[in-house]
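Chains as they are written, first to last, in this note's numbering: chain L, -2 to 327; chain W, -2 to 327; chain P, -2 to 327; chain E, -2 to 327. Notes to accompany the following structure.
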């Protein structure tokens, strides 16, 4: 039974803590958050300890593994602390908004032989897993083109956007990871185009709300990503993989399969599930189980710090491409 | 080149005449209708003769085949006239609203060796043909259950309904034929339930607007039919065939494949194609070609007067069941 | 925090026990099963007491509510025992295979003012709830026709079928309850047709494997149900409600939304989720929560013993209709 | 009644000639092709004159309009000849493979006030028309992103590819036109990536078989296009328009709506309609009617030589981008 500390009692920390508490393979020991009483409330609800000291929580003797869901700028310090304490780590993305820092941290973790998993949860979505298995089973032959659509239901609060690192590092980073997961190869060239079609005032902090990215691997596989910070019809998450002997797609997820026929339109479905917490609820659970399994088996982590570094690298290339109007070689 | 006379210049006569004129395998010689100037207008438009005398048109030397689209009560007389003149006949359903008369007529046609095809056009719908071919190819094994949904977009005019013969003989008759076509066996028992949910005043002439019919063949295959005279979302025409090794369905037909996503509903399609003339446009053309092919090849008619008689028999059984509240043995 | 005993540690008892253990609003106190070590294994896994004595478990001071998942013939005795002990009860369907006994038991429970909920879990499926809410909200106007398709993935073991009470009481009973739930009125007439198309040797105990049922309420609403004990493509559970201003359907549930396009067919989906435990996993959870909520609030039970009696009555009418070839007035 | 000459009796000429012959608003006068007996065969079948001299056919007194379906390198000469003879012209795309020549020709046509329509037939597909109307009606607000998928069922013959002008000018040109049609603005920047994933030997004539293109208009609207010369599942033609208040998609077209459920996969549809002649059969008819209507009304042509020039310009920009690895400003 793996004993786990959760660092951070915000939106994502709550998800992980709840899933750990409900998991039969792990025990939630402590939730740590230096701010307010969120940790205490969560600990009370889930029946574990609360702490305002993440570092002390890492170092507890009765903690085997640490789940880091704190603000991005604290990820590296806490990860390294946990690695040095010999604890297994599941860390939320991104490693850091600064590539050089992230790169150095990944190198150090690798040097230390740290057992760290990066939390690219979408890989664990049942549909994404199904796609990967189908590709591996040769169902569509060689992958030629990957298309990723990823649109948020609505613009995040301005205070969040201001410190988010920009759309490529904050939003597209998930899609860069998915692209690598589905392409099965490293993108070698990146071209991006970026606009402010939702909110022109994002120019204030040089951010964008609507982007398209095009990538190519060294063997010529191609990938398209589109993002928008606002889609009035809901959280739009679709994948398409086109191969030499077939094509695979997943579709969006609705609360139920119910359709309605009326005078003015037919076959209408209910609105999509609201946002990532609902859309990827299963993925968060499966991600944790994959982490627990890897730790228990001493097996390689299914997603590594290197994966975090590569996604960040692609985000930086995309930003550079959007700013310079040039294709960027990774 | 088959030379054809069309009798009746109403809604259905126009469809047939237009299709004959556009067919490369036949020549439209004359359109005959004793009422008004419909025949003349149609003949002018399509470049053929017009007549007010259906019988004389049948007897023309330059006419090889006759398409009968006149009012129901004239079908038998015109069919027999054409058979006796040695002309091939495509006759609209039903043969007659009275089963005894229809039965006698079919026997006489069979006795005379008449070349007559009954116009159950839905059998020639590309989807129905595809379903029949798939069944014949063994794609779903032995047929177990057939489900037929058939709902009109809106109540027909009261003057039409008054003389229609009632919902079973006027509307369900198409579904009885489709049931026989898809079951591949004769229904042996019929149970029907009938309501007035659209217009209670149909009680005036003992008619119904919403019915369900359940049938069973001697080997135990089952069939469900549902009808309604009004579906606000449009002309609803669906089939399902469930077999021992699979299931087949067709879906409704929309003008295009376009779907719309908005704030309040997602994946909504356009309204269905309006009514039977649009929904079965391809079927009307294919029906004519099948008739021409059978005549040209001297082959058996793909739909026979006997098929017309059987569908009418089932309609009468259903009416009797609805009236008596008993299962009726055919 | 409601303290619950689960009686029966078989397939269905396990589901309920697991859901109670994971529920934040209830506490699993004991699992009781007189046979084998199933209760002990389950209790060990979920951290509660085990017992071989269901009656003693009912009577425990620290038990507020009882979930009955024992064999059908024990339902009435255990239900009445629990009612007399003042415990709230959630009892699996059916009350009993014998209508007279079930009727007497329901009357006694009503007389005693027992707090009993019948476990027609499908009502709590999110799609069924969505359909009911949409109907209540007037989205499709007045209900005219309800169509229920319910086919099992494969024939149950012969030993199960032999004591199941027959297809109408064992399988269709769920659909009779769904019909009442969706029609919003009591069926007044029942007509059924039944065949042995999967396994002719079911004749040995006068059972059937493929049935169709047609029902009519006193205001003329109509309902069709079809069942088959075997559908090679999986567990087929579909609903359609046709109303005066629209139509609603739910579709089957697949493990993911992935579709595949290949050389020979396009848009193919994965096989359906295997069977009722997977298909209705959410429904089982929601059913329990609805039970807990009703107990906590002292509110009317969302499904009552009377509902169980009515479904059984319809099953008996259907059997009688199939045997006699007559429409049966309820 | 417009009197029409068709130049070219190849695949596309046959389509146009057949549609003209079947149109009630036009009369097919002559089919001209200098090679072989294709023109004679077609003329015999459709009941018009045949000629081996396209120029003489243009100049016939009894010809009002000319449809040009000859090889690409003859388009400019024949178009100008027809314009100078005062005939209305419907000319197949592209104007020419060489942008400078095409540009000069368009300028000359404009200078001469020629009545010329470019045959971008896909604009007249009912789904494309529906999409344009929905956008114009404000159904999705301001257009933000357009996605175009266009994949051929199989690699064209090598002899065709050798002289095709390359994938951007031969295949993507349709998508460039569609992008302009749906964006409602001119693309200002083009980025393309191109690979040989189907047939590496296309390197022999510097061509590609798999491409992705990304474009941006001056107001920031974005467009993605993907092409492949081979998709084993068939001719894949899809559009998506994402706007500020909704999204529109069209889907591929199948021969029928039939779906099949079996042991190993469910909801499978039939293969797509084979290729462009079948997929855009309605579009070819509607294109001709739009041409006839514009000529009859003296109205502006629905697609102009300028549209042809712009699509060619974008093709050249894409090629340049793919070759240089730079974003190209149009």
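In this text, a Cβ means the ideal position worked out from N, Cα and C, and glycines have one as well.
- Task: Specify, as a first and last residue, the run of the alpha helix (DSSP H) that residue 89/E falls within.
- Result: Counting along the chain, residue 89/E falls outside any alpha helix (DSSP H), though it belongs to the beta strand (DSSP E) covering 85 to 89.
- Just curious, the alpha helix (DSSP H) that residue 314/E is in, first and last residue? According to the DSSP assignment, residue 314/E belongs to the alpha helix (DSSP H) that extends over 302 to 321.
- Task: For residue 230/W, go through chain P and note every residue whose CB falls closer than 7 Å to its CB, in chain order.
- Result: From the beta-carbon of residue 230/W, the residues of chain P found nearer than 7 Å are 243, 244.
- Residue nearest to residue -2/W in terms of C-alpha spacing, selected from 55/W, 300/W, 290/W: With distances taken between Cα atoms, residue -2/W lies closest to 290/W.
- Message: Which residues of the segment 3 to 18 of chain W have a Cβ closer than 8 Å to any Cβ of chain L? Give them in chain order.
- Response: Cβ proximity to chain L below 8 Å picks out nothing from the segment 3 to 18 of chain W.
- Query: How long is the line joining the alpha carbons of residue 301/L and residue 127/E, rounded to whole angstroms?
  - Reply: Distance from the CA atom of residue 301/L to the CA atom of residue 127/E, rounded to whole angstroms, is 47 Å.
- Task: Please state if the CB of residue 81/E and the CB of residue 60/E are separated by a distance shorter than 8 Å.
- Result: Not closer than 8 Å, so no.
- Task: Please report the Cβ distance between residue 230/E and residue 10/L, rounded to the nearest whole angstrom; I am assuming they are in contact, meaning their Cβ atoms lie under 8 Å.
- Result: Contact doesn't hold; Cβ gap of about 44 Å is too wide.
- Query: Leaving out the 5 sequence neighbours to the left and right, which residues in its chain are closer than 8 Å to residue 259/E when beta-carbon positions are compared?
  - Reply: For residue 259/E, where only same-chain residues beyond five positions count, the Cβ hits under 8 Å are 265.
- Item | Start-end ranges of the alpha helix (DSSP H) lying completely within the segment 47 to 121 of chain W, minimum 4 residues | The qualifying runs are 51 to 56, 72 to 81, 96 to 109.
- Message: So, at 8 Å on beta carbons, what are the nonlocal neighbours of residue 319/L in its own chain, with the 5 sequence-adjacent residues on each side left out?
- Response: Close CB contacts of residue 319/L within its chain, under the 8 Å cut and outside five residues either way in sequence, are with 165, 189, 190, 191, 205, 208 (chain order).
- Query: So, is residue 234/E buried or exposed, given that buried needs 16 or more other C-beta atoms within 10 angstroms?
  - Reply: So residue 234/E ends up on the buried side.
- Query: Candidates 32/L, 57/L, 55/L: which alpha carbon is nearest residue 49/L's?
  - Reply: Of 32/L, 57/L, 55/L, the residue nearest in Cα terms is 32/L.
- Tell me the start and end of each unbroken alpha helix (DSSP H) in the segment 110 to 174 of chain W that is at least 4 residues and wholly inside, in chain order. Complete alpha helix (DSSP H) runs here, min 4: 123 to 133, 155 to 159.
- Item | Three-state secondary structure assigned by DSSP to residue 228/E | The answer is coil: DSSP assigns residue 228/E none of H, G, I, E or B.
- Task: Helix, strand or coil for residue 279/L, going by three-state DSSP, please let me know.
- Result: In the structure shown, residue 279/L sits in a helix (DSSP, three-state: H, G or I).
- Any idea if residue 108/E is buried or exposed, counting beta-carbon neighbours within 10 angstroms, 16 or more meaning buried? Per the 10 Å Cβ criterion, exposed.
- Message: Closer than 8 Å is the cut-off here; do at least three beta carbon pairs connect the segment 239 to 258 of chain W with the segment 150 to 159 of chain W?
- Response: Because the criterion of three Cβ pairs below 8 Å is not met, the segment 239 to 258 of chain W and the segment 150 to 159 of chain W do not touch.
- Message: Let's see if you can read the secondary structure: which residues bound the alpha helix (DSSP H) around residue 18/W?
- Response: First-last of the alpha helix (DSSP H) with residue 18/W: 8 to 19.
- Message: Residues in the same chain with beta-carbon distance under 6 Å from residue 174/P, minus the five sequence neighbours each way, listed in chain order, please.
- Response: Contacts found: 117, 308.
- Compare the Cα-Cα distances from residue 99/P to each of 134/P, 121/P, 71/P and report the closest residue. Distances from the alpha-carbon of residue 99/P to those of 134/P, 121/P, 71/P put 71/P closest.
- Task: Check whether the segment 214 to 227 of chain W touches the segment 167 to 183 of chain W, taking contact to mean three or more Cβ pairs, one atom from each stretch, closer than 8 Å.
- Result: Contact holds: three or more Cβ-Cβ distances are below 8 Å.
- Query: Which residues, taken in chain order from the segment 254 to 270 of chain E, show a beta carbon closer than 9 Å to some beta carbon of chain P?
  - Reply: Only 256, 257, 258, 259, 260, 261, 262, 263, 264, 265, 266, 267, 268, 269 from the segment 254 to 270 of chain E bring a Cβ to less than 9 Å from some Cβ of chain P.
- Message: Which residues in chain W have a C-beta closer than 9 Å to the C-beta of residue 225/P? List them in chain order.
- Response: The answer, in chain order, is 141, 142, 239.
- Compare the Cα-Cα distances from residue 122/P to each of 87/P, 277/P, 317/P and report the closest residue. Taking only the C-alpha atoms, the option nearest residue 122/P is 277/P.
- Message: Please report the distance separating the alpha-carbon of residue 323/P from that of residue 241/P.
- Response: One Cα belongs to residue 323/P, the other to residue 241/P, and the distance between them is close to 30 Å.
- Message: Does residue 273/W come out as helix, strand or coil in the three-state DSSP assignment?
- Response: Annotated three-state conformation of residue 273/W is helix, per DSSP.
- Task: May I ask you to list the residues that DSSP assigns as paired with residue 223/L?
- Result: Note: residue 223/L sits in a beta bridge opposite 146/L, 209/L.
- Task: Put residue -1/P into one of helix, strand or coil per three-state DSSP.
- Result: The three-state secondary structure of residue -1/P, taken from DSSP, is strand.
- Taking the CB atoms as reference points, tell me whether residue 1/E and residue 62/E lie closer together than 8 Å. For the 8 Å CB-CB criterion, residue 1/E and residue 62/E form a contact.
- Message: Mapping the DSSP letters down to three states, classify residue 267/L as helix, strand or coil.
- Response: Of the three classes helix, strand and coil, the one that applies to residue 267/L here is coil, per DSSP.
- Determine the direct distance from the alpha carbon of residue 69/P to that of residue 286/L, and round the result to whole angstroms. Going by the C-alpha atoms only, they are around 38 Å apart.
- Span of the beta strand (DSSP E) around residue 40/E: In this chain, residue 40/E is not harboured by any beta strand (DSSP E); it is covered by the alpha helix (DSSP H) spanning 35 to 43.
- Neighbourhood of residue 256/L by C-beta distance below 8 Å, restricted to the same chain and skipping five residues each side: Shown here for residue 256/L: same chain residues with a beta carbon closer than 8 Å to its own, the five before and five after excluded, namely 264, 265, 266 in chain order.
- Message: Quick check on residue 262/E: does DSSP put it in helix, strand or coil?
- Response: If DSSP states are grouped into helix, strand and coil, residue 262/E belongs with coil.
- Say whether chain E places a C-beta atom closer than 8 Å to the C-beta of residue 247/W. So yes, residue 247/W belongs to the interface.
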